[in-house]
Amino acid sequence: MTNAELPELAEIFAPRTIGPTLIVEGFGTKLTVERGQLVIHDGFGPHRRTNQLSRIERRVERIIITAVDGYVTIDAMRWCKNVGISVVMLDPAGDVIMTSPAATYYEGRLHRAQALGSVEAVRYIMDRKITGQYEVSGHPKIKDHLIRLQHDVDTIREITAIEAKTSRYYWGSIRGTQVTFRGDVPEHWTTFQTRSSALQYAGKTPRKATTPFNAMLNLGYSIGYAEARLACHALGLDTELGLLHRPKEAKSHSMALDLIEIARPHVDRMVLDLVSERTFTRKDFYETNEGQCTVGSPLDREIIERARKAVQEPLAEATEDVAHILAESCDTKIKKRTPLTKRTLKATH
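Residues 70 to 418 (our numbering) make up the sequence shown, in order.
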């Protein structure tokens with residue numbers, strides 16, 4: 070850490086108003102319970118911060134831990150669960166390590182419906198995703214495929230084929246987006262070309278970003294993935310029983326992967342807006358020895374907060390709607406719950 074960066078760290082870890090998303094970062098972090106309050110210590114080097122939350126604190130909805138090292142006590146996890154705060158932990162690359170949901174619900178009949186599959190639920194998910202892509206890009210071919218999806222397909226295979234064609238038009242319309250930097254950076258950092266990774270061992274998948282644009286997308290998608298996992302728990306859906314994605318040995322929570330498809334265009338819009346309004350610096354991102362590009366601090370904090378704000382409402386609505394579609398396919402009646410949006414409660418007032 071250079072001396073020039075220390076004033077910025079002092080500003081980051083200065084006392085401030087706590088919002089719905091509380092991010093824990095740095096080294097030597099601690100989450101403990103003292104005198105009935107949750108006490109959070111985090112920071113970098115001499116720049117430390119302490120936040121204390123009482124049990125009547127209702128502003129915080131998520132604690133997202135990006136810290137490199139530290140510990141969380143069992144009492145702290147139980148405290149968060151009891152007061153309705155979900156905890157998410159990310160690794161240094163931004164991938165989700167853990168989600169601890171504050172709200173959980175079990176409905177075995179929904180699990181059976183997930184296992185059997187549902188064309189209508191898959192159609193709904195892809196309709197929401199492709200509608201979002203059209204709103205972002207405005208490409209006329211995407212609109213054509215959306216109409217086909219709504220009226221001309223009857224199988225999951227046909228639906229996924231339309232989604233694949235749409236994605237080519239979608240990412241093609243975004244290709245060439247400029248990312249502005251102050252100072253010298255690698256040339257490939259300055260333009261978005263493809264979602265595929267240039268790292269050979271990544272198998273050309275997007276998961277190992279080699280450009281800042283993709284690194285920001287991946288971090289935003291990780292937040293969407295975490296929110297989807299938490300939403301599944303709240304609605305009684307089994308995170309392991311996907312309708313589109315099938316469980317793999319190296320990647321679980323396939324139902325959350327299904328639901329994040331709805332959130333992706335919202336993350337894309339957030340990143341495109343950020344890129345259009347911001348001039349970045351070299352220290353906003355860092356490159357590992359193998360060439361993977363990840364988002365640095367404090368930009369990662371901003372993207373996490375923006376991403377959660379962007380995906381929270383659409384994911385809440387969509388997860389409830391998917392649960393309702395699955396419930397309708399069951400032989401016995403299942404109550405249609407709306408714990409995330411409170412739509413049922415609002416309708417009665």
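Positions of the beta carbon are idealized from the N, C-alpha and C atoms, including for glycine.
Just so it is clear, the structure is predicted and the values come from calculations on it, not from any experiment.
Residues near residue i in its chain [Cβ-Cβ closer than 6 Å; skip 5 each side]
i: Leu75; result: Bear in mind that a pLDDT of 46 at Leu75, under 50, signals an unreliable position, so the model cannot answer this.
i: Glu189; result: Ile394
i: Thr173; result: His302
i: Thr101; result: Val108, Thr142 and Ala145
i: Gln121; result: Gln106 and Val108
i: Tyr175; result: Gly305
i: Leu185; result: none
Nearest to residue i (by Cα), restricted to the options the options
i: Asn358; options: Gln121, Lys210, Leu268 and Asp138; result: Leu268
i: Val152; options: Ser169, Thr348, Val248 and Asp253; result: Ser169
i: Glu309; options: Ile211, Ser321 and His208; result: Ser321
i: Ala136; options: Pro209, Pro161, Ser187 and Glu232; result: Pro161
i: Arg124; options: Glu397, Lys150 and Leu215; result: Lys150
i: His208; options: Tyr239, Gly88 and Leu306; result: Tyr239
i: Ile228; options: Lys198, Val248 and Ile243; result: Lys198
i: Phe250; options: Lys352, Cys399 and Glu103; result: Lys352
i: Val165; options: Ile134, Trp148, His116 and Ala171; result: Ile134
i: Leu288; options: Ile329, Glu103 and Arg117; result: Ile329
i: Thr119; options: Glu103, Lys405, Arg128 and Glu130; result: Glu103
Integer Cβ distance of residue i from residue j, believed to fall under 8 Å
i: Thr280; j: Cys362; result: 6 Å
i: Ile132; j: Leu91; result: 5 Å
i: Ile331; j: Ile194; result: 6 Å
Chain-order list of residues whose beta-carbon lies under 8 Å from that of residue i (same chain, five-residue window excluded)
i: Asn283; result: Phe261, Arg264, Ser266, Pro275 and Cys362
i: Met167; result: Val156, Val157 and Met158
i: Asp223; result: Val188
i: Gly245; result: Thr260, Phe261 and Gln262
i: Thr71; result: For Thr71, the predicted model reports a pLDDT of 47, less than 50, meaning its position is unreliable; a value from the coordinates is still stated below. Contacts found: none.
Residue range of the unbroken beta strand (DSSP E) whose run includes residue i
i: Thr363; result: Cys362 to Val364
i: Thr388; result: Per DSSP, Thr388 belongs to no beta strand (DSSP E); it is in the alpha helix (DSSP H), Leu368 to Glu397.
i: Tyr175; result: Element bounds for Tyr175: n/a, residue is neither H nor E.
i: Asn120; result: His116 to Leu122
Residue range of the unbroken alpha helix (DSSP H) whose run includes residue i
i: Lys150; result: Ile143 to Val152
i: Ser323; result: Ser323 to Glu346
i: Gly241; result: Ile225 to Ile243
Neighbourhood of residue i by C-beta distance below 7 Å, restricted to the same chain and skipping five residues each side
i: Gly311; result: Ser323, Met324, Leu326 and Asp327
i: Ala73; result: Reliability of the predicted coordinates at Ala73 is poor, the pLDDT of 44 falling under 50, and the value obtained from them is presented with this limitation in mind. Contacts found: none.
i: Ile292; result: Ile373, Ala376, Arg377 and Val380
i: Leu200; result: Going by the sequence as given, residue 200 is Thr instead of Leu. These residues qualify, in order along the chain: Leu215.
If we count Cβ pairs, one from each stretch, closer than 8 Å, do we get three or more for the segment 293 to 305 versus the segment 136 to 144?
Cβ pair count under 8 Å is below three, so no.
Tell me, please, whether the segment 364 to 371 touches the segment 403 to 411 by the rule of three or more beta-carbon pairs shorter than 8 Å.
These segments do not touch.
With three or more beta-carbon pairs closer than 8 Å as the criterion, would you say the segment 111 to 126 touches the segment 89 to 97?
Using a Cβ-Cβ distance cut-off of 8 Å, the segment 111 to 126 and the segment 89 to 97 are in contact, since at least three pairs of beta carbons, one from each stretch, lie closer than that value.
Three-pair Cβ contact test at 8 Å for the segment 377 to 387 versus the segment 333 to 341:
Using a Cβ-Cβ distance cut-off of 8 Å, the segment 377 to 387 and the segment 333 to 341 are in contact, since at least three pairs of beta carbons, one from each stretch, lie closer than that value.
For the 8 Å Cβ check, are there 3 or more pairs between the segment 342 to 355 and the segment 387 to 402?
Counting Cβ pairs under 8 Å, fewer than three are found: no touch.
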